[in-house]
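Colleague: Dropping a structure here in structure tokens format, bear with me for questions.
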Amino acid sequence: MALFGSLSTVRAQLAPSDKFATAFAYVEACLRAGSSERALLDGLAAEQTQRVDLGGGVFALVQASMTLPAGVPTVPKWESHKTYTDVQAVIVGEEIMELTDVGNLKVAEDLRPAKDVLFYEGFARHTTLRVAAGEVAVFFPVDGHRPLVAAGAPMLVRKVVVKVPVAA
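Just so we're on the same page, my numbering is the position in the sequence shown counted from 1, plus 39.
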């Protein structure tokens, strides 16, 4: 099941892996004011995403996104991934990430193999993670998740989602 906490806490919970080390190093760089990685993130306009290849099959999606109201159970959509594990880190702002076992969800749309994403119908029973700047959530293939839910009024969140191949 998912991991959540500070970067150092989450890093300590995972078995050593070069690919996760790459992911955590990139998150760390994004958190560092003045780094080129942070400048890329800070330079994005709202609703922009940029892909950064990190090597070894690992890549990052650097995003500036508005959170969406919590009261709508299907927006944003529930999702999961089978080929990649998500390392999601909020760099600026705060969001709610909802979480449940994929066994609780009914597939609404499967975009594989073109994209590594399955979308699910709305689901009410879940765990809620309130993720602030500097915190990280790791979602494995068994973790249905619904990111970018507003933690109050909708706000612009700057985050990085590092995709680590499951075979890592």
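Each residue gets a CB set at the ideal place from its N, CA and C atoms; glycine is no exception.
All values derive from a computational prediction rather than experimental measurement.
Give me the residue from A189, L100, G191 with the minimum Cα distance to C69.
Modeller: For the purposes of this step, residue 69 is identified with residue 30 of the sequence shown, where counting begins at 1. Of the listed residues, the one whose Cα sits closest to C69 is L100.
Colleague: Would you say S119 and D182 are within 8 Å of each other, going by their C-beta atoms?
Modeller: As a working note, residue 119 is residue 80 in the sequence shown. As a working note, residue 182 is residue 143 in the sequence shown. Yes; because the gap between Cβ atoms is below 8 Å, this pair is in contact.
Colleague: By the three-class DSSP mapping on this structure, what secondary structure does R32 have?
Modeller: Residue 32 lies beyond the stretch modelled for the chain, which goes from 40 to 207, so this question has no answer here.
Colleague: Between V175 and Q102, which are expected to be in contact by the criterion C-beta below 8 Å, what is the C-beta distance as a whole number of angstroms?
Modeller: Taking the sequence shown and counting its residues from 1, the one referred to as residue 175 is at position 136. Taking the sequence shown and counting its residues from 1, the one referred to as residue 102 is at position 63. At roughly 15 Å, the Cβ-Cβ gap does not stay under 8 Å, so V175 and Q102 are not in contact.
Colleague: If you scan the stretch 89 to 124 from start to end, which runs of the beta strand (DSSP E) of 3 or more residues do you find wholly inside it?
Modeller: 97 to 105, 117 to 119
Colleague: Report yes if the C-beta distance between V97 and V201 is below 8 Å; otherwise report no.
Modeller: Numbered from its first residue, the sequence shown carries residue 97 at position 58. Numbered from its first residue, the sequence shown carries residue 201 at position 162. Yes, Cβ-Cβ distance for V97 and V201 is below 8 Å.
Colleague: Excluding the 5 residues preceding and the 5 following V91 in the sequence, name in chain order all residues of the same chain whose CB lies nearer than 7 Å to its CB.
Modeller: For the purposes of this step, residue 91 is taken as the residue at position 52 of the sequence shown. F98, A99, V101.
Colleague: Would you kindly report the start and end of the unbroken beta strand (DSSP E) that includes F59?
Modeller: Against the sequence shown, residue 59 aligns to sequence position 20. Counting along the chain, F59 falls outside any beta strand (DSSP E), though it belongs to the alpha helix (DSSP H) covering 57 to 70.
Colleague: Mind checking whether R169 and N143 have CB atoms under 8 Å apart?
Modeller: In the sequence shown, counting from the first residue as 1, residue 169 sits at position 130. In the sequence shown, counting from the first residue as 1, residue 143 sits at position 104. No, the pair does not count as a contact, with Cβ atoms beyond the cut-off.
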